[in-house]
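Enquirer:
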Amino acid sequence: MVLNYLLPIFLSPTFVLLVLFFILFYVYATWPYNTFKKLGIPGPPPLPLIGNLIDYKKGLSNIDLEWMKKYGKYWGVYEGQLPVLIVADTKLIKQINVKEFPNFANRRLMPGNGPVMKYSLTVLQDAEWKRVRSYMSPFNSAYSLKQLCYLIENTSDNLVAAMTRYHDAGQYVDVKEIFGCYTMDVISSTGFGTDVNSLSDPDSIFIKNVKKFYAIGALSPFTLLTFGFPWFAFFLDRNNWFFNIVPPPVFNFFADAIRKVISIRESNPAESDKRVDVMQLLLKSHNTALDEPGNEGNIKHGLSYNEILANGFIFWIGGYDTTATTISFLAYNLALNPDIQERVIAEIDEIMRGRECMDYKAASEMKYLKMCVDETLRMYPPSQRFDRQAKEDIDLDGVKIPKGMCVQFSSFAIHYDPDNWPDPEKFDPERFTPEEKKKRDPYAYVAWGVGPRSCVMKRLGMLEVKFAIAKILMKYRLRPCEKTQIPIRVKVSNLTQPDHGMFLKLEARTDI
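Numbered per the numbering used here, the sequence shown spans residues 133 to 644.
Below is the structure:
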């Protein structure tokens, strides 16, 4: 009786179409999930459509360490439907980023870059990437940086003045916030000759806009749409829909600021030619022929206007958070390790004795401080992963990587691997003595990236960190307070950021 009632329903066109839809949706949602099984690569089981994205809620740093313990030095995951090989093996790191770099020269191409940001170093590929990078690299030379140190020192003095206001008011300092203002001021002055004075106005429009950029979460709707439905994301991007990695208001704000700087420089070329900042370096490389339609890829020298705009934006935005976070974690490590802080203070006092100002040479002599920076970057690498994409099929000592495969390198897994770093949870700058570095595989340290696509501005970043900490420790000692998180919590993000601030207190030195 029941069968006679249900049979017409089961045979109805509507029911058949509904069943067919769910079958096809399931096939679509799971079709790539045998990739790593075929390749013989272990990894966590994925969920339909979202793959392993739900695991990312634990934070990349935590989940990568968990997966390394379970699956070894490399494993396969699925970001939505995209198969991603995660690597924490030093031999593979060297092979992919150095020996086989021509096959892995490019990063994964993501949708949502927009009509201008597709010209940035983070997106450009092959010869176009190489050309643009060649015009930015000279800024990172010792010659350029020496001439800019007076700007970094001036901003460092402003940083100490801002911290003094907190000390005199008896307030704790959210060092992540104040170091963010410091790096914004350094980038603006050394990169664009612009004084934004964030240290005096932490609520400046520059700080507000850069925070909007970094507010995008690891599991935001944008991320889920991009990974779960990559074809739809590229469709929106190709058709210029409102679909951008960089929020349009943020890009427009900084793009307008860059255009104003360009306009000022072009109106006074004689004075502008004396400058050695990023903006002048890019403007000197401007080839107007590249701005003509149809010339992209045909001209092999110079930069287009859009390339200047996109990479000016990347410099302004990119150096803000990574450097501020590094200084913050270094301050935190020194506050929690007073014996190490005393060694840093002794070194700074000795080097600065008899000097009226801090300069490039003085910063270069601070070897122990650099060891502390390096160890901080080991424990808290700014980017928790970086990626490359295979152009062709390749077999790396039995690890088969097919064409188009995205390979990501887990900074936390590499830096906390006890095979390379005994007692990895301990802050120990002695790991970076010349003797210890010689003993260790050089590819066990990836804080700045590896190979030709490593961070183009790492020397400037190191200078910013050294100047900030040295200037502070010449007047104060850093101490934990009741608002200091111990241990510090890291946000769920691809960037290593302290969660809910990082508070320390300042203790005025009486031994100066």
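Glycine residues also receive a C-beta, built at the ideal position from the N, C-alpha and C atoms.
Return the first residue and the last residue of the beta strand (DSSP E) that Q521 is part of.
Expert: In the DSSP assignment, Q521 falls within the unbroken beta strand (DSSP E) covering 517 to 521.
Enquirer: On the DSSP letters alone, give me the boundaries of the beta strand (DSSP E) that S542 sits inside.
Expert: 538 to 542
Enquirer: Considering only residues of the stretch 186 to 235, which uninterrupted beta strand (DSSP E) runs meet the minimum length of 3 residues and lie entirely inside it, listed in chain order?
Expert: 206 to 211, 214 to 219
Enquirer: Distance check for L149 and K343, CA to CA, integer angstroms please.
Expert: The alpha-carbon atoms of K343 and L149 are separated by roughly 48 Å.
Enquirer: Terminal residues of the continuous alpha helix (DSSP H) containing D471?
Expert: 470 to 484
Enquirer: Grab me the residues of T315's own chain with a C-beta within less than 7 Å of its C-beta, minus the 5 sequence neighbours each way, in chain order.
Expert: G451, Y452, T455, A456, E596
Enquirer: Whose C-beta lies closer than 6 Å to the C-beta of I396 among residues of the same chain, with five residues either side of it excluded?
Expert: Here the set comprises nothing.
Enquirer: With DSSP run on the structure shown, which of helix, strand or coil describes E424?
Expert: coil
Enquirer: Who does F635 pair with in a DSSP beta bridge?
Expert: D306
Enquirer: Is the distance from the Cβ of M490 to the Cβ of C281 below 9 Å?
Expert: yes
Enquirer: For R239, collect the residues of the same chain with a Cβ closer than 6 Å to its Cβ; drop the 5 residues on either side in sequence, then sort them by chain order.
Expert: D519
Enquirer: Return the Cβ separation of Q516 and S543 in integer angstroms, given the expectation that the two are a contact with Cβ distance under 8 Å.
Expert: 6 Å
Enquirer: Determine the direct distance from the alpha carbon of V624 to that of W261, and round the result to whole angstroms.
Expert: In this structure, the straight-line span from the alpha carbon of W261 to that of V624 is close to 30 Å.
Enquirer: List in chain order: all unbroken alpha helix (DSSP H) runs of 4+ residues lying wholly within the stretch 547 to 625.
Expert: 566 to 571, 590 to 605
Enquirer: Grab me the residues of T222's own chain with a C-beta within less than 6 Å of its C-beta, minus the 5 sequence neighbours each way, in chain order.
Expert: D573, Y575, A576
Enquirer: Suppose you measure from the CA of I472 to the CA of K169; what does that come to, to the nearest Å?
Expert: 48 Å
Enquirer: Determine the direct distance from the alpha carbon of L253 to that of G244, and round the result to whole angstroms.
Expert: 15 Å
Enquirer: Beta strand (DSSP E) containing I533: first to last residue?
Expert: Counting along the chain, the beta strand (DSSP E) containing I533 begins and ends at 531 to 533.
Enquirer: Label F154 either buried or exposed according to how many other C-beta atoms from any shown protein chain fall within 10 Å of its C-beta, with 16 as the threshold for buried.
Expert: exposed
Enquirer: DSSP three-state label for L256, please.
Expert: coil
Enquirer: Would you kindly report the start and end of the unbroken alpha helix (DSSP H) that includes L528?
Expert: Premise fails: L528 lies in the beta strand (DSSP E), 526 to 528, not in any alpha helix (DSSP H).
Enquirer: By alpha-carbon positions, which one of H299, W553, T616, A387 ends up nearest to M249?
Expert: A387
Enquirer: Nearest by alpha-carbon distance to P380: which of P270, K406, N341 is it?
Expert: N341
Enquirer: Under the assumption that P534 contacts L627 (Cβ atoms under 8 Å), give the Cβ distance between them as a whole number of angstroms.
Expert: Their Cβ separation, rounded to whole angstroms, is 29 Å, which puts P534 and L627 out of contact at 8 Å.
Enquirer: Taking C-beta to C-beta, are I284 and F599 nearer than 9 Å?
Expert: yes
Enquirer: Whole angstroms is fine: what's the gap from V531's alpha carbon to C538's?
Expert: 14 Å
Enquirer: Return the chain-ordered list of same chain residues with a C-beta closer than 7 Å to the C-beta of E660, the five sequence neighbours on each side being excluded.
Expert: This structure leaves residue 660 out entirely; the chain is present only between 133 and 644.
Enquirer: Pull up the distance between the alpha-carbon of N469 and that of D306, whole angstroms please.
Expert: Computed Cα separation, rounded: 19 Å.
Enquirer: Just to confirm, does Y165 get its C-beta within under 8 Å of one of the non-hydrogen atoms of the ligand ZN?
Expert: Absence of the ligand ZN from the depicted structure is noted, as is the absence of any ligand whatsoever, leaving it without description.
Enquirer: Taking C-alpha atoms, which residue in T287, S399, R297, S276 lies nearest to E639?
Expert: R297
Enquirer: Just the C-alpha distance for C587 and A220, rounded to the nearest angstrom, thanks.
Expert: C587 and A220 have their C-alpha atoms roughly 19 Å apart.
Enquirer: Alpha carbon to alpha carbon, how far is R510 from I173? Give it in angstroms, no decimals.
Expert: 27 Å
Enquirer: Cα separation between H433 and Y165?
Expert: The straight-line gap from Cα to Cα measures roughly 43 Å.
Enquirer: Opposite N238 in the DSSP bridges: which residues?
Expert: Here N238 is bridged, per DSSP, to Q521.
Enquirer: Output the distance between the C-alpha atoms of L152 and N419, rounded to the nearest integer angstrom.
Expert: 56 Å
Enquirer: In terms of residue numbering, what span does the alpha helix (DSSP H) encompassing L415 cover?
Expert: Start and end: 410 to 416.
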